[in-house]
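Below you'll find the structure, written out as structure tokens, and then a few comments.
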Amino acid sequence: MSATVLFGSPLSPFVDKVQRALKLKKIEYELVGPKGPSDIKRWNSQTRKMPVLELNGERVIDSSFILDRLERDFPEPPLLSRNPATRASQRLLEDWSDEGLYWYLMALRWSEKNASASAKQISADAPALLRPLLARFLTRQLGGMTRAQGMGRLPADVVLKQLGERLDDLVVLLSDRPYFFGDQLSRADLSVGGMLHTGLSGPTPEFNQLLSERPALARHLERVREATKR
Ligand SMILES: N[C@@H](CCC(=O)N[C@@H](CS)C(=O)NCC(=O)O)C(=O)O
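Take any residue in the sequence shown, count from 1 to its spot, add 9: that is its number in this note's numbering.
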């Protein structure tokens, strides 16, 4: 195993965010995906969430803590502006994307219409016999979390309308700059990019439609993808 191991599924926007930070900083790593829900608990008994990054034998949880750690150990290129006001905006957008935008996408994913496709997508790598069982478990667990958070209790058309309005807000915030609040890519772009990228992954066709109606945001995602590919 290499010195740097990222534990998590590439279907998670938070794992995507960390992968892009690792690529930007040119850090070699190995990605290890979960074979079942118990893997996530084993990797991270504190919050029981992915991603987890193992760096020189030490495990760091939470995508934002992981990015803090990468910034400390691998400062180039920086993931935040040097300007304090710009930096604050980038941090706030990262936090809203992780804690707010994420739940709009979860509500879309686990809506009555999309839950079955979402569960199928996540359980696709499990052994064939276990797949239906795992799909039922995931629908109950992740759909239940989304309802517990609150967003999952809203009618799907309300979620969709609200999400469209938030994407419009992002277009305004982006303005005519290549990245949020500046010319350099920051952790805000990695977080929003991770949400947009995984939102397009299949089970939520409504999201593909929303993004195609906002070409400035689709171009932003393309820029993030281009800057973080190997
Ligand atoms: N704040 C955390 C959120 C991580 C998170 O919610 N991960 C989800 C995957 S998208 C997860 O592990 N869910 C499994 C569960 O809650 O059981 C971060 O930034 O890493």
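Note that CB positions come from ideal geometry on N, CA and C, so glycine has one too.
- Beta bridge pairing from DSSP links V61 with F16 and I70.
- For the 8 Å CB-CB criterion, V201 and L179 form a contact.
- At a Cβ-Cβ threshold of 8 Å, F16 and G203 do not count as neighbours.
- The region 22 to 54 is shown to contain whole alpha helix (DSSP H) runs of 4 or more residues at 22 to 33 and 46 to 52, in chain order.
- Q28 has its alpha-carbon roughly 12 Å from the corresponding atom of V233.
- The beta carbon of R68 sits closer than 6 Å to the beta carbons of V61 from its chain, once the five residues preceding and following it are set aside; these are given in chain order.
- Counting the other Cβ atoms within 10 Å of the Cβ of G161 gives 16 or more, which makes it buried.
- The region 118 to 128 makes no contact with the region 70 to 83; the number of CB pairs closer than 8 Å stays below 3.
- Only residues of its own chain outside the window of five on either side were considered, and among them T13 have a CB closer than 6 Å to the CB of L64, listed in chain order.
- S120 is classed as buried because its beta carbon has at least 16 other beta carbons within 10 Å across all chains shown.
- Under the three-state reduction of DSSP, G203 is assigned to helix.
- A buried status is given to M59, since no fewer than 16 other beta-carbon atoms sit within 10 Å of its beta-carbon.
- Taking non-hydrogen atoms of ligand 1 into account, the C-beta of F216 is found less than 7 Å away from none of them.
- Shortest Cα-Cα distance from L151 to any of R118, L176 and V181 involves R118.
- S195 is positioned such that its CB atom lies closer than 8 Å to that of L89.
- Contact annotation: F216 and T95 have beta-carbon atoms that are not nearer than 8 Å.
- For E174, the enclosing alpha helix (DSSP H) begins and ends at A165 to L183.
- In this structure, the C-beta of M160 stays at least 7 Å away from each heavy atom of ligand 1.
- Non-local C-beta neighbours of K26 in its own chain, meaning closer than 6 Å and more than five positions away in sequence, comprise S72, L199, S200 and G203, ordered along the chain.
- A straight-line Cα-Cα distance of about 38 Å links K170 and K35.
- A distance below 8 Å separates the beta carbons of G42 and D134.
- Distance from the C-beta of R57 to the nearest heavy atom of ligand 1 is below 7 Å.
- Inclusion of L176 and L101 in the CB contact set at 8 Å is not warranted, their separation being larger than that value.
- Not one heavy atom of ligand 1 lies closer than 7 Å to the C-beta of P19.
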